[in-house]
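Each remark here refers to the structure printed beneath this line.
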Amino acid sequence: MSSGVLTLSPVREDSPVSTVRFDGNRSWHCSQESILIYLQAPQSSVIPLRVLESESIASVKLRIHKFAVKKPKLVFGGRELARNNSLLRDYGVGDGNVLHLVIRFSDLRYIIVRTVSGETYNFKVERSRNIGYIKQQLAKRGKDLSDVHDHKIICDGEELDDHQLIDDLSRENDAVIHLLIRKCAKVRTKPFEKDFELSIDAPLVKEKDGVCDPQIVAGTLLYKDPWIKPVIDDRKVELSRVISELIRSASSGLEKGNLPMMSSEGTGGAYFMQDGSGQKYVAIFKPIDEEPMAENNPRGLPLSDNGEGLKKGTRVGEGALREVAAYILDHPISGKRLDDEAGFAGVPPTAMVWCFDTGFHNSEPCDYVPKNFKIGSLQAFVENNGSCEDMGPRVFPVQEVHKISVLDIRLANADRHAGNILIRKNEEGEQMVLVPIDHGYCLPENFEDCTFEWLYWPQARQHFDHRTINYIKALDAEEDIALLKYYGWNLSPECTRTLCISTMLLKKGAERGLTPYDIGSIMCRETIHKESKIEEMIREANDAALPGTSEAVFLETLSEIMDRHLDRVKII
Ligand SMILES: Nc1ncnc2c1ncn2[C@@H]1O[C@H](COP(=O)(O)OP(=O)(O)OP(=O)(O)O)[C@@H](O)[C@H]1O
1 MSSGVLTLSP VREDSPVSTV RFDGNRSWHC SQESILIYLQ APQSSVIPLR
51 VLESESIASV KLRIHKFAVK KPKLVFGGRE LARNNSLLRD YGVGDGNVLH
101 LVIRFSDLRY IIVRTVSGET YNFKVERSRN IGYIKQQLAK RGKDLSDVHD
151 HKIICDGEEL DDHQLIDDLS RENDAVIHLL IRKCAKVRTK PFEKDFELSI
201 DAPLVKEKDG VCDPQIVAGT LLYKDPWIKP VIDDRKVELS RVISELIRSA
251 SSGLEKGNLP MMSSEGTGGA YFMQDGSGQK YVAIFKPIDE EPMAENNPRG
301 LPLSDNGEGL KKGTRVGEGA LREVAAYILD HPISGKRLDD EAGFAGVPPT
351 AMVWCFDTGF HNSEPCDYVP KNFKIGSLQA FVENNGSCED MGPRVFPVQE
401 VHKISVLDIR LANADRHAGN ILIRKNEEGE QMVLVPIDHG YCLPENFEDC
451 TFEWLYWPQA RQHFDHRTIN YIKALDAEED IALLKYYGWN LSPECTRTLC
501 ISTMLLKKGA ERGLTPYDIG SIMCRETIHK ESKIEEMIRE ANDAALPGTS
551 EAVFLETLSE IMDRHLDRVK II
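Residue numbers for the sequence shown follow full-length UniProt numbering, so the first one is 1 and each next one is one higher.
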């Protein structure tokens, strides 16, 4: 076998078209399939990148990683390129296509440029950019700054070279750069979020007009009504204590002027909400109009052209409903939830709320959200030590992995990657607890995009214990549908079918002693274009059904097909 080495080298710093060399004893025969794609990041210039159509998504992400972008996410044609083993051509990416690059805001640095004449220029810039790039941006924005050669940028009294990277400056917290344009001017860079403090000179609180009539008193925004209110259609629905307390504490944070902080991670707008003391995060708020491909998405994703979300069978604007549904359906081990009781999988308490708009992302007026308000999911903040992305899976307790597998199978989750499982210690600080978050893509209309990261973890090949098997036995899809209806979500026929089928599969699989891996493998596609076993079974049941067949008969037919299939699955 040849031992070829693939080498990438950026051609130009600001236009990183990569050339590909193959240093081996085989001639490189793929040059004809090399294509040029364009990466579009929010508030950034387009980055051309030469790739192979046969290149894996993982390999493309690795190249992007070289431009100092950590954990990049790619979106093409309204779909997230989530399967790392799939190829660019599997997703239909061809020459000249534009891919949207979703980068973490912490890969961006805030640069605040002040001139001596008092003008201020704000930039969000990738770490990989250099001072020369800042100058170019200034030249575009400032009418007296058109000749970049006149600019001198000085940091801590030292003039910076045009090639100096922002990333290098960021290592020093609170670095101050002086920008000289004939006369001195100041640039203050303050890196963003966790590792850096953000300095904003503009007033934080915008005065609103209209129904809310807030008053600003000594820097605090006062408001007559609660700042956050539950969205409840039906007055009969009583809020549990845990949800009431969640809403109350996040609301009191806003009332005290502790503004929401946008998360650096994720594809949608997700905001950390503080309590009244301003010392603690208590909730995460995700507004529906900031979901991926919605009007006000802050990550630069384009609008969905057919209303479908980033994952097949989901809808833009329904992510918050799905988040809430995952909490409602995460029944405790005892069955019915009694107030504060945690669910079997431990989905953090989540509710649909109205939130007074205190500086969320609003670029477009949005007809389904009233002026001055945002609607979205409010989820309890979980103190954590990172996510499952940060460590190897072997250390995760088996039961913790199994509880998440049960939730994901039931809800046909289309977005279970390791970053969506937080890790924390139990109260005694002894045991590792996994906390599932981010359920905006559960209960899709079909099974096409189901992906479960835990499928590749060793715990998934172990059998469920008795406690879990008894929990699964007690599940009832009909009751779940009724429960969601009670809380205001009338599932569509397609999503109802998904819930019935996945619950049926979980129950039948567990009854036969199948492992989470066995059952999960039936639900997930091996490759993007190859139907999963469950999709094949559904197709067979559809083919067998006569026109006008009722849903009940369809499910009976599917049940028989499933029995036949599962009886053939080898029990290890
Ligand atoms: N309940 C929670 N407690 C603590 N942190 C949370 C919680 N929910 C979300 N986060 C954090 O907020 C950030 C953004 O959340 P999340 O990943 O759910 O957003 P998203 O836009 O829906 O993401 P994705 O792109 O994975 O679909 C992440 O860093 C996540 O760890």
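We put the CB at the ideal spot given by N, CA and C, even for glycine.
In this text the structure is predicted, and so the values were computed from the model without any measurement.
{"Check": "Out of Arg299, Pro547 and Glu318, which one is the CA nearest neighbour of Gly307?", "Outcome": "Glu318"}
{"Check": "Give me the pocket residues for ligand 1, defined as CB within less than 5 Å of any heavy atom, sorted by chain position.", "Outcome": "Ser263, Glu265, Gly266, Thr267, Gly268, Ala270, Ile284, Pro348, Gln379, Phe381, Val382, Ile437 and Asp438"}
{"Check": "Closest to Phe381 by CA distance: which of Asp90, Asp357 and Ile284 is it?", "Outcome": "Ile284"}
{"Check": "Could you check whether Ile228 and Leu378 sit closer than 8 Å to each other, using their CB atoms as the reference points?", "Outcome": "yes"}
{"Check": "For Arg248, report the span of its alpha helix (DSSP H) as first-last.", "Outcome": "Arg241 to Glu255"}
{"Check": "Looking at His565: is its Cβ nearer than 8 Å to the Cβ of Met523?", "Outcome": "no"}
{"Check": "Run through DSSP, which three-state label would Ala351 get?", "Outcome": "strand"}
{"Check": "Is Ala97 helix, strand or coil when you go by DSSP?", "Outcome": "Here residue 97 turns out to be Asn, not Ala, going by the sequence shown. Residue state, collapsed to three classes: coil."}
{"Check": "Taking C-alpha atoms, which residue in Tyr281, Ile469 and Glu55 lies nearest to Arg89?", "Outcome": "Glu55"}
{"Check": "Which parts of the segment 367-439 are runs of the beta strand (DSSP E), unbroken and 3 residues or longer, counting only runs that do not cross its ends?", "Outcome": "373-380, 421-425 and 432-436"}
{"Check": "Taking its Cβ as the centre, do 16 or more other Cβ atoms sit within 10 Å of Tyr327, making it buried, or is it exposed?", "Outcome": "buried"}
{"Check": "Ends of the alpha helix (DSSP H) at Pro516?", "Outcome": "Pro516 to Met523"}
{"Check": "Using beta-carbon positions only, say whether Arg410 and Ser502 come within less than 8 Å of one another.", "Outcome": "yes"}
{"Check": "Which value, in whole angstroms, describes the spacing of the CA atoms of Glu33 and Arg512?", "Outcome": "47 Å"}
{"Check": "Tell me whether Pro203 is buried or exposed, calling it buried when 16 or more other Cβ atoms sit within 10 Å of its Cβ.", "Outcome": "Note that Pro203 scores a pLDDT of 27, beneath 50, so its modelled location is shaky and nothing firm can be said."}
{"Check": "Tell me, which residues are paired with Phe76 by DSSP?", "Outcome": "Arg79"}
{"Check": "What three-state label does DSSP hand Leu49 in the structure shown?", "Outcome": "strand"}
{"Check": "Give the range of the alpha helix (DSSP H) segment to which Gln40 is assigned.", "Outcome": "Premise fails: Gln40 lies in the beta strand (DSSP E), Ser34 to Gln40, not in any alpha helix (DSSP H)."}
{"Check": "Identify the residues that DSSP records as bridge partners of Gln274: which are they?", "Outcome": "Tyr281"}
{"Check": "I need the boundaries of the beta strand (DSSP E) containing Lys229, first residue and last residue.", "Outcome": "Ile228 to Pro230"}
{"Check": "Find out if the Cβ-Cβ distance for the pair Asp162, Lys135 is shorter than 8 Å.", "Outcome": "yes"}
{"Check": "Can you give the beta carbon distance from Pro458 to Arg394, rounded, assuming they're within the 8 Å contact cut?", "Outcome": "6 Å"}
{"Check": "If contact is defined by three or more beta carbon pairs under 8 Å, each pair taking one atom from either stretch, is the segment 437-445 in contact with the segment 410-426?", "Outcome": "yes"}
{"Check": "Have a look at Leu101 and Glu556 and give me their C-alpha separation to the nearest angstrom.", "Outcome": "44 Å"}
{"Check": "State the Cα-Cα distance for the pair Ser277 and Ser244, rounded to the nearest angstrom.", "Outcome": "18 Å"}
{"Check": "Pull up the distance between the alpha-carbon of Asp563 and that of Asp390, whole angstroms please.", "Outcome": "39 Å"}
{"Check": "Measuring straight from C-alpha to C-alpha, what distance separates Leu514 and His463?", "Outcome": "7 Å"}
{"Check": "For Leu310, does the count of other Cβ atoms within 10 angstroms reach 16, so buried, or fall short, so exposed?", "Outcome": "buried"}
{"Check": "State buried or exposed for Pro397, treating a residue as buried only when at least 16 other CB atoms are found within 10 Å of its CB.", "Outcome": "exposed"}
{"Check": "For Gly269 versus Lys256, is the C-beta spacing smaller than 8 Å?", "Outcome": "no"}
{"Check": "Per DSSP, what kind of secondary structure is Glu193 in: helix, strand or coil?", "Outcome": "The predicted model places Glu193 with a pLDDT of 43, which falls under 50 and marks its position as unreliable; any figure quoted below should be read in that light. DSSP places Glu193 in helix when its eight states are reduced to three."}
{"Check": "Distance, Cα to Cα, Lys539 vs Pro516?", "Outcome": "It is Arg, not Lys, that sits at residue 539 in the sequence shown. Straight-line Cα distance between these residues: approximately 23 Å."}
{"Check": "Comparing alpha-carbon positions, which option in Leu138, Ile481 and Tyr471 lies nearest Lys507?", "Outcome": "Tyr471"}
{"Check": "When DSSP builds the beta bridges, which residues end up paired with Arg315?", "Outcome": "Glu308"}
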